[in-house]
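Student:
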Amino acid sequence: MSNMPGNAGTEQTTTVIIGTGLSGLAVAAELRRRGIHSIVVDGLDTFGATPPAVTTSLQRIDTADSATLQERNEILRHLRNYAASHDVDIRSTRAVQLTQVDGAPESAATPQWEVHTPTGVLVADHIVLTRCAQSQLRRMINDFGIAVGRNLAAAMRAIGIYLVGVGELITPSPKEVLRQAKTVGQAISAKVNPDSTAFPATGSLSMLPC
Numbered sequence: 291m292s293n294m295p296g297n298a299g300t301e302q303t304t305t306v307i308i309g310t311g312l313s314g315l316a317v318a319a320e321l322r323r324r325g326i327h328s329i330v331v332d333g334l335d336t337f338g339a340t341p342p343a344v345t346t347s348l349q350r351i352d353t354a355d356s357a358t359l360q361e362r363n364e365i366l367r368h369l370r371n372y373a374a375s376h377d378v379d380i381r382s383t384r385a386v387q388l389t390q391v392d393g394a395p396e397s398a399a400t401p402q403w404e405v406h407t408p409t410g411v412l413v414a415d416h417i418v419l420t421r422c423a424q425s426q427l428r429r430m431i432n433d434f435g436i437a438v439g440r441n442l443a444a445a446m447r448a449i450g451i452y453l454v455g456v457g458e459l460i461t462p463s464p465k466e467v468l469r470q471a472k473t474v475g476q477a478i479s480a481k482v483n484p485d486s487t488a489f490p491a492t493g494s495l496s497m498l499p500c
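First residue of the sequence shown? That's 291 in the working numbering, and the numbers climb one at a time after it.
In structure tokens form, the structure reads like this:
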């Protein structure tokens, strides 16, 4: 593991993934295969820019037919097995607030973020959100003083926040979630290893549908 314990309950890692469901585990597995350390925590209850900023409850919309649920559960089983056998860092704690690190340079491609949990603070250059309504995301990014154009996902990527499994009204299918996770894994890998065009992946998720 490449996590670096800090002072006063602070840890630093490359990426914090918020959400321990299908989307979160899929991204964690992609990053692990690319040799990039991440920490996975359970869903974000509230977030804000910096205290006393307004915080917002995150709501998740999950509706699926029986066939989709069966597919999702099968993929989840494979991902959990992969996580267990490859030491993916999954914490039994919840994220309660997301703040931008004071003094992070505005010119930085990926400013650092702090994810506050009941057990400490996780500092990372990249955040992956896996559950949140689009309207709430827009309010959040506005709270950070960032102009949002028509492409919300692009605006968030520019500050190091990635979305996986986050839809507007319809929850993405399991295959779409895996596609998004692979895309995000590639994007973060390219920023962590900009000089490497083909960072070696470890392990295999070939049993999962593409």
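Don't be surprised by glycine CBs; every beta carbon is placed ideally from N, CA and C. If you're wondering where the values come from, they're calculated on a predicted model, not measured in any experiment.
In the region 374-458, which residue ranges form an unbroken alpha helix (DSSP H) of at least 4 residues, counting only runs that do not cross its ends?
Tutor: Runs found: 424-433 and 442-447.
Student: Express the C-alpha separation of Ala319 and Tyr372 in angstroms, rounding to a whole number.
Tutor: Roughly 7 Å separates the two Cα atoms.
Student: Going by the beta-carbon positions, is the gap between Gly475 and Arg323 smaller than 9 Å?
Tutor: A contact, by the Cβ cut-off of 9 Å.
Student: Hey, how far is the Cα of Lys481 from the Cα of Ala437?
Tutor: Between Lys481 and Ala437, the C-alpha separation is close to 23 Å.
Student: Hey, could you find the ends of the beta strand (DSSP E) Ile308 is sitting in?
Tutor: Where Ile308 is concerned, the enclosing beta strand (DSSP E) stretches over Thr300 to Ile308.
Student: What residue range does the alpha helix (DSSP H) around Ile478 cover?
Tutor: Pro464 to Val482 is the span of the alpha helix (DSSP H), which, as asked, contains Ile478.
Student: Check this for me: beta carbons of Ile329 and Ile380, under 9 Å apart or not?
Tutor: Closer than 9 Å, so yes.
Student: Any Cβ of chain C within less than 9 Å of the Cβ of Ala373?
Tutor: In summary, chain C is missing from the structure at hand, where a single protein chain is found.
Student: Work out the CA separation of Asp377 and Val274 for me, nearest whole Å.
Tutor: In the structure as shown, the chain starts at 291 and stops at 500, and residue 274 therefore has no counterpart that could be examined.
Student: Is it right to say Ser347 is buried, meaning 16 or more other beta carbons lie within 10 angstroms of its own, or is it exposed?
Tutor: With a pLDDT of only 35 at Ser347, under the threshold of 50, the placement of this residue in the model should not be trusted; the figure read from the coordinates follows. Under this definition Ser347 is an exposed residue.
Student: As a quick exercise: from Gly299, Glu301 and Leu315, pick the residue whose alpha carbon is nearest that of Lys472.
Tutor: Among Gly299, Glu301 and Leu315, the Cα nearest to that of Lys472 belongs to Leu315.
Student: Taking Cβ positions, are Val306 and Val454 nearer each other than 9 Å?
Tutor: It is not a contact, given that the beta carbons lie outside the stated cut-off.
Student: Which stretch, first to last residue, makes up the beta strand (DSSP E) that contains Asp332?
Tutor: Ser328 to Asp332 is the extent of the beta strand (DSSP E) around Asp332.
Student: Does the beta-carbon distance from Ile431 to Ala414 come in below 9 Å?
Tutor: Contact flag unset, no.
Student: Go ahead and label Met294 buried or exposed: buried means 16 or more other beta carbons lie within 10 angstroms of its beta carbon, across all protein chains shown.
Tutor: Any reading at Met294 needs caution, since the residue's pLDDT is 42, under 50, leaving its predicted position unreliable; the model's value is listed next. Met294 is exposed by the Cβ-count criterion.
Student: Please report the residue range of the alpha helix (DSSP H) in which Arg322 lies.
Tutor: Residues Leu312 to Arg323.
Student: Could you compute how far the alpha carbon of Leu369 sits from the alpha carbon of Asn441?
Tutor: About 30 Å.
Student: Kindly indicate which three-state DSSP category Thr358 falls into: helix, strand or coil?
Tutor: Here Thr358 sits in helix by DSSP.
Student: Among Trp403, Gly325, Ser313 and Ala374, which one has its Cα closest to the Cα of Glu301?
Tutor: With distances taken between Cα atoms, Glu301 lies closest to Trp403.
Student: Beta-carbon separation of Thr409 and Gly299 under 9 Å?
Tutor: Result yes, Cβ atoms of Thr409 and Gly299 sit closer than 9 Å.
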